[in-house]
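S.K.: Have a look at this one before I ask anything.
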Amino acid sequence: MHSNSKTDKRVAIVTGAASGIARATAERFAKEGIIPVIVDMNIEEGQKVADALGSMAIKVDITSYEECCAAAKKVFETYGRIDILVNCVGGHSGRILNMQGNFADVPISRIEFGIKMNLMGTLYMTHAVIRHMIDAHYGKIINLGSVAGVVGAKGGTDYSTSKGGIFSFTKSLAMEVAKEGINVCCVSPGPVLTRPAMAQMKTYFGRVGKPEEIASLINYLCSDEAAFITGHNYVIDGGRCFGGLGATN
Ligand SMILES: NC(=O)c1ccc[n+]([C@@H]2O[C@H](COP(=O)([O-])OP(=O)(O)OC[C@H]3O[C@@H](n4cnc5c(N)ncnc54)[C@H](O)[C@@H]3O)[C@@H](O)[C@H]2O)c1
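When the letters of the sequence shown are read in order and numbered with this note's numbering, they come out as residues 2 to 250.
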């Protein structure tokens, strides 16, 4: 296993780790003795995170398969191993593009943007990395879903479609690679305090989630204590999916 390895530590690619849940995951990994490689298109912030954690940042636009492949190659050349991939880049296209609206009312370009970043980005980076894991007979892949992928999201059709697709991808890939020693899981948060507006969202705990709480679940699923878990979706949402709180997305 890992005959080309240049480090005894496990190496993780964490996409979107310049910010939010992915950043908290990279910080948690560093505490656990895992090298977290920061992959983000915001290289200025990404480099700051990497410098603080003593690791490496790579500028990648996740919607480019070529850039995903180049990043995976660079990580493998540097460390000789890629043990963990956390696919965390994602977000609601209506918010990011300031183009809110229902499916019928928004241009198809918004829908394409959302699907490409959320769904195709996850598939691109996984495809770029998976062969290294198969060769090593070891790997942990965590894909970020959302409660929007479970209960839907009015005004977020491309987002919920992507997140539902990410869970289906997780199941199918898990079946394909279990015998290669690779676990694939999906983590689907409810509202998490990654930006101030999230604090208004309702859950049964009367608060939103902390990025560190999502990072803790991701870290557990990447640990060898979770070796018998694969293909499942872990909702972490303060009970929001059960409804009864008003809007569910
Ligand atoms: N925050 C929440 O409440 C919440 C809830 C449910 C699901 N999620 C999911 O969790 C994940 C992380 O969410 P967050 O709120 O922590 O994210 P965030 O908005 O804080 O960070 C997203 C990161 O992705 C990077 N990024 C955006 N587009 C990119 C691209 N094309 N290529 C490379 N990098 C790109 C950004 O620079 C940023 O650093 C997402 O997949 C999101 O859908 C978040």
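Glycine included, every Cβ here is placed at the ideal spot set by N, Cα and C.
Could you tell me the distance, in whole angstroms, from the CA atom of I219 to the CA atom of I44?
M.R.: Within the sequence shown, the letter at position 218 stands for residue 219. Within the sequence shown, the letter at position 43 stands for residue 44. Cα to Cα, the separation comes out at about 23 Å.
S.K.: Would you call the stretch 168-175 and the stretch 202-214 touching, i.e. three or more CB-CB distances under 8 Å?
M.R.: No, because fewer than three Cβ pairs between the stretch 168-175 and the stretch 202-214 fall closer than 8 Å, the two stretches do not touch.
S.K.: So for T249, helix, strand or coil by DSSP?
M.R.: Working through the sequence shown from its first residue, we reach residue 249 at position 248. Confidence is the limiting factor: at T249 the pLDDT is only 44, short of 50, which leaves the residue's position unreliable, though a coordinate-based value still follows. DSSP places T249 in coil when its eight states are reduced to three.
S.K.: Pick out every residue whose C-beta is nearer than 6 Å to a heavy atom of ligand 1: which are they, in chain order?
M.R.: This selection yields G17, A19, S20, G21, I22, A23, D41, M42, N43, V61, D62, I63, T64, C89, V90, G91, G92, M118, L145, S147, P190, P192, V193, T195, M199.
S.K.: Please determine if the stretch 134-145 and the stretch 100-118 are in contact, where contact requires at least 3 C-beta pairs separated by less than 8 Å.
M.R.: At 8 Å Cβ cutoff, the stretches do not touch.
S.K.: Using 8 Å for Cβ pairs, my map puts V151 next to V236. What's the rounded Cβ distance?
M.R.: Stepping through the sequence shown from its first residue, residue 151 is reached at position 150. Stepping through the sequence shown from its first residue, residue 236 is reached at position 235. About 6 Å separates the two Cβ atoms, so the contact holds.
S.K.: On a CA-only basis, which of R208, S169, S147 is nearest Y160? Give me that one, please.
M.R.: Within the sequence shown, residue 160 is the residue found at index 159, counting from 1. Of R208, S169, S147, the residue nearest in Cα terms is S147.
S.K.: On the DSSP letters alone, give me the boundaries of the beta strand (DSSP E) that G140 sits inside.
M.R.: The residue labelled residue 140 in the question sits at position 139 within the sequence shown. Unbroken beta strand (DSSP E) run through G140: 140-145.
S.K.: So, at 6 Å on beta carbons, what are the nonlocal neighbours of V12 in its own chain, with the 5 sequence-adjacent residues on each side left out?
M.R.: Your numbering for residue 12 matches position 11 in the sequence shown. These residues qualify, in order along the chain: I36, Y80, R82, I83, D84.
S.K.: Where I112 and D9 are concerned, what is the direct C-alpha to C-alpha distance, given to the nearest angstrom?
M.R.: Translated into positions along the sequence shown, residue 112 becomes position 111. Translated into positions along the sequence shown, residue 9 becomes position 8. Going by the C-alpha atoms only, they are around 43 Å apart.
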